[in-house]
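Enquirer: In this note's numbering, the protein residues as written are 427 to 903.
1. Express the C-alpha separation of residue 724 and residue 806 in angstroms, rounding to a whole number.
2. Taking only three categories from DSSP, how would you classify residue 887?
3. Residue 593: which of 889, 810, 767, 820 sits nearest, CA to CA?
4. What number of angstroms, rounded off, separates the C-alpha of residue 852 from the C-alpha of residue 773?
5. Out of 561, 893, 651, 826, which has the shortest C-alpha to C-alpha gap to residue 735?
6. Expressed to the nearest angstrom, what Euclidean distance is found between the alpha-carbon atoms of residue 654 and residue 587?
7. From the DSSP output, in three-state form, read off residue 676 for me.
8. Which two residues bound the contiguous alpha helix (DSSP H) that contains residue 511?
9. Is the CB-CB distance between residue 622 and residue 667 below 7 Å?
10. Taking C-beta to C-beta, are residue 784 and residue 753 nearer than 7 Å?
11. Can you check the stretch 692 to 750 for any beta strand (DSSP E) of at least 3 residues that lies completely inside it and give the ranges in chain order?
12. Buried or exposed: residue 867, going by 16 or more other Cβ atoms within 10 Å of its Cβ?
13. So, are the CB atoms of residue 532 and residue 520 less than 7 Å apart?
14. Short of 6 Å in beta carbon distance, which residues of its chain neighbour residue 771, apart from the five on each side in sequence? Order them along the chain.
15. Hey, quick one: how far does the alpha helix (DSSP H) through residue 907 stretch, first residue to last?
16. State buried or exposed for residue 570, treating a residue as buried only when at least 16 other CB atoms are found within 10 Å of its CB.
17. Once the 5 residues before and after residue 741 are set aside, which same chain residues still bring their CB inside 7 Å of it?
18. From residue 527 to residue 630, what distance separates their C-alpha atoms?
19. My assumption, with CB atoms under 8 Å, is that residue 804 sits in contact with residue 620. Please give the rounded CB distance.
20. Short of 7 Å in beta carbon distance, which residues of its chain neighbour residue 728, apart from the five on each side in sequence? Order them along the chain.
21. Applying the 10 Å Cβ sphere with the 16-neighbour rule, what's the burial state of residue 641?
22. Please go through the stretch 773 to 814 and give each complete alpha helix (DSSP H) segment of 4 or more residues, from N-terminal end onward.
23. With a threshold of 16 other CB atoms inside 10 Å of the CB of residue 878, please say whether the residue is buried or exposed.
24. For residue 892, count neighbouring C-beta atoms within 10 Å of its own C-beta (all shown protein chains included) and say buried if the count is 16 or more, exposed if not.
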């Protein structure tokens, strides 16, 4: 705590963090930015000194110009160890800065004077090298729209390159350049990933909990069981460890957390591959709505197993439903503009997401996810669900599990639970006519009422939609 105070931080919070306290501190910082304390308040200062705002701005601009001109002279004073020359030059500029109400610059120049007077020349050199910071502070005060380089996003720093990358994808169909990347290139890019891409906000939450010496792994298990990418990453990591001990793969994310333990989890977070969730912000597509759909499919898959009296499949069905569409996250990380272009193209041309993917990629994100799962040691049934969730009749070995997830997906789509990436057709097919039910019908007795199951499943899905929207603070589509 003493070290934090010595650093003159604006504020600090102690773990475990609470969202309300963090948001309150952010609100204070926005209402009273620290830069404001470096200058006199313009209106009152002009009234007190008899200045016009234009005259004050010119004075500040002159201080900025004189500061930049002084830097080479300060280097000369440093070479000759000219204490009196350095102090006189700094005093003159400090006086001008004080007259202009630039107290941050005054403090900076006075600190340089003290270092010169005490003969601390190495510290004096460090102070000279900090002059560009004072210059940027003055610029930010004179030009409110100015954003210093460190505060620019990666996208803003590379705006021109981003425009080229965006055009490469969005203009490809019109310019007959599809597919934009080949399957071989995508396979190489996926193989080069050190881990599965996790949305940055989720990765930060997990990292904060994992590195805070948790008294229990339960919060980490809960977070992992509600996030598709975290579930995949934890299963990959656990099965790497498990491979050297046993051939049976770990298939439950909570068991994966328990196997890895606190120490392994803390080190694992340092190597997380992350993706900025803003790339998904293409209404109605968004990260919260995508995550809501994955959770909905997971819950409805488990509900379907319970209703059809298949209890042994319930844990598998939940995990499989949660991770069934993680291929989209692979594409989002590797080619964010490609992800956006595919969504727009599918919407304009009234295609399924998979059909649009084949145009731009020559394959589907389901194929990429299935390949990722197999090459990273995930259980085969999870790879099957990732690959065939939208075409269950094409799968043989894990047909029932794939059909359950496909049926859950069908229910969530019809009830518009989150964002699935697909348009909901006006005509809503009954469960009996779906390929998934063709596979599952042999698991029920002849007296089984499909109509009753369908009515109750829709009711469950609608209730789940309200629950998840409230829990995740998601606006209704």
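Virtual Cβ for every residue (Gly too), placed ideally from N, Cα, C.
Expert: The relevant details are as follows:
1. 18 Å
2. helix
3. 767
4. Residue confidence is low: residue 852 scores 48 on pLDDT, short of 50, so the model does not pin down where it sits. Its coordinate-derived value is still stated next. Using only the alpha carbons, I get a separation of about 15 Å.
5. 826
6. 31 Å
7. coil
8. 509 to 525
9. no
10. no
11. none
12. exposed
13. yes
14. 782
15. Because residue 907 is not part of the residues shown, which for the chain are 427 to 903, the question remains open.
16. exposed
17. 678
18. 41 Å
19. That belief does not hold up - the Cβ atoms of residue 804 and residue 620 are roughly 16 Å apart, past 8 Å.
20. 740, 743, 744
21. exposed
22. 779 to 787, 791 to 801, 806 to 814
23. exposed
24. exposed
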